[in-house]
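Report on the following structure.
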Amino acid sequence: MREDSKEIDAFLVSLLRTVGESLRGDSIKKKSVGTKKNRNDLVTNFDKKTEKFINSEIKKNYPQATIVSEEGYGDKVQDMSGLVFFVDPIDGTMNFVKRRDDFASMIGAYIDGKPLIGAIINVMDNEIYHGGKEIGLFINDKKIDNPKDLSLIEGLVDVSAPMALANKFNVQSVIKKSSGFRVYGSAGIIFGHLLTGKEVMYMSYLAPWDLAAGRVMCEAAGMSIVSIDDSPINMLESQVVIVGTQKVVSEALKTLKTR
Ligand code: 2AM
Ligand code: CA
Ligand code: CA
Ligand code: CA
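Quick note on numbering: the sequence shown equals residues 0 to 258 in numbering that gives the first Met the number 0.
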């Protein structure tokens, strides 16, 4: 099992290295931009091209695996049995289009529903966060320690803009108890901040591909990750999740109005 983890980790790092190189070039090119659910929900030709590339590399190397991915080139996955890869080709598409910075590409690997390996590249910084419970966590080749179990008053929190603006679940009460509030606009970038202690909590409505890689790594780092209604995390559905240090998630759950 440990060997599987190592092999999949090395595969994902090498794949994201290639993807990152491409996307840094693509970021300055003219993009064809469309919308999905609403005018803020963007998709570009590069989201699609990148997903096609990642999925075909996964199928080439792991023909037995199934793929859950954002832009429609994955499989119709009904259950978590076997090896399942979750692919978010460009996370933070709005940032990719408007700012050409603070976007990521993410892949999470699960075996029979168990988190195995997560890999996230901060594209413009060329930093890959990767690993899992069995092999530990790394930024590029450097092993990282688990972040400190800080409390709410000691750290910055990130809440998705729609949830914060609408004060969903009274989330502003949590924000007010923290050191400060940030909205980075890319789940992948925020997972990097959580893993390095730069932020202590993230709350957002997330799809499986938004969550998969970050969940593997945050759990491996001893952090807490819960769904807002306290049901187990379901990797085949979207849900509101809170990820953060043990202390902060328990403080947040006491403060939030979840019903
Ligand atoms: P995306 O860029 O891959 O869509 C901020 O928008 C963060 O929330 C990003 O990580 C974004 O991922 C994610 N997100 C999830 N659902 C979204 C939606 N319906 N519209 C915009 N962003 C969404
Ligand atoms: Ca999207
Ligand atoms: Ca995403
Ligand atoms: Ca995406």
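We treat Cβ as the ideally placed atom computed from N, Cα and C, and that holds for glycine.
Query	Result
When burial is assigned at 16 or more other CB atoms within 10 Å of the CB, is P146 buried or exposed?	buried
Is the CB-CB distance between V248 and V225 below 9 angstroms?	yes
Going by DSSP in three states, D157 sits in which element: helix, strand or coil?	strand
Taking 6 angstroms as the limit between beta carbons, can you name the residues of its chain near T65, skipping five residues before and five after?	D74, V76 and V83
List, from N- to C-terminal side, the alpha helix (DSSP H) runs of 4 residues or more that fit wholly inside the region 137–213.	160–164, 170–176 and 186–194
Measure the alpha-carbon distance for Y204 versus T254 and round it to whole angstroms.	18 angstroms
Would you report the Cα separation of D90 and N39, rounded to the nearest angstrom?	14 angstroms
Are the beta-carbon atoms belonging to S104 and G19 less than 9 angstroms from one another?	yes
Threshold first: 4 residues or longer. Then list the alpha helix (DSSP H) segments lying entirely within the region 36–116, N to C.	44–60 and 92–97
Quick one: measure Cβ to Cβ for G135 and G117, integer angstroms, because I've assumed they're closer than 8 angstroms.	Incorrect: roughly 12 angstroms between the Cβ atoms, too far for contact.
Output needed for N125: all residues of its chain with C-beta closer than 7 angstroms, excluding positions within five of it in sequence on either side, in chain order.	G19
Under a Cβ-count criterion, where at least 16 other Cβ atoms within 10 Å of its own Cβ denotes burial, should D229 be classed as buried or exposed?	exposed
Kindly examine ligand 4 and report whether one of its heavy atoms sits closer than 8 angstroms to the Cβ of I89.	yes
Output the distance between the C-alpha atoms of T92 and F180, rounded to the nearest integer angstrom.	21 angstroms
Between which two residues does the alpha helix (DSSP H) holding T17 run?	R1 to D25
Return the first residue and the last residue of the beta strand (DSSP E) that T34 is part of.	V32 to T34
Tell me, which residues are paired with Q238 by DSSP?	L205
Would you tell me roughly how many angstroms separate the C-alpha atoms of N121 and R258, rounded to the nearest one?	36 angstroms
Please list the terminal residues of the continuous alpha helix (DSSP H) segment that includes S226.	From DSSP, S226 is part of no alpha helix (DSSP H) but of the beta strand (DSSP E) over S223 to S226.
Check this for me: beta carbons of Y201 and L193, under 9 angstroms apart or not?	yes
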